[in-house]
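K.L.:
Note that the sequence shown covers residues 1 to 117 in the UniProt record's numbering. Here a beta-carbon is modelled for each residue, glycine too, at the ideal position from N, C-alpha and C. Following this message is one structure expressed as structure tokens.
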Amino acid sequence: MATTCPQCYTGTCSRHKRQDHGRSMVKSVDAEGTLKKIYDQLVGSKLQKLQAEAEKDPSNQVTTEFRRQLDASRDKSLRESSKSRSKRSKEAVTGSGLNPQALAAIYGDDSSESERE
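So this is what it looks like as structure tokens:
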């Protein structure tokens, strides 16, 4: 009956749903190999294309160069800001009009309070 049913032959039969013509009995000899082949076909080719495209992409090289320059400029500005901060603190101390003993007492009290806490 299954051989005479054209829908069973094409696999679209709704009357003989359990008829698979022995496909369920055939086992894969190497299931891992089969899965690997399927993965390579579906994912591997796309992955290779994307990797090749990423290697050819000049924007990646530009991005790394930009990051390197940005890091260098950030380090330079940090060094300059620390120098200017120390220079400003010296100017603030000398330009305050107070004698050195008074300044030592003021700054000494601040440091002792922070140590107590």
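Can N60 and A52 be called in contact, C-beta distance under 8 Å?
P.N.:
No, they are not a contact pair.
K.L.:
How long is the line joining the alpha carbons of D84 and D75, rounded to whole angstroms?
P.N.:
Contrary to the premise, residue 84 reads as Ser rather than Asp in this sequence. Their Cα atoms are separated by approximately 14 Å.
K.L.:
So for D44, helix, strand or coil by DSSP?
P.N.:
One detail in the question is off: residue 44 reads as Gly in this sequence, not Asp. Note: G44 maps to helix in three-state DSSP.
K.L.:
Could you check what DSSP says for D75 in three-state terms: helix, strand or coil?
P.N.:
Correct three-state label for D75: helix.
K.L.:
For S82 and A105, what's the separation of their Cα atoms in angstroms?
P.N.:
Roughly 25 Å between the two C-alpha positions.
K.L.:
Can you look up Q19 in the DSSP assignment and give me helix, strand or coil?
P.N.:
Of the three classes helix, strand and coil, the one that applies to Q19 here is coil, per DSSP.
K.L.:
Cα separation between K17 and P6?
P.N.:
Approximately 13 Å, taken between the alpha carbons.
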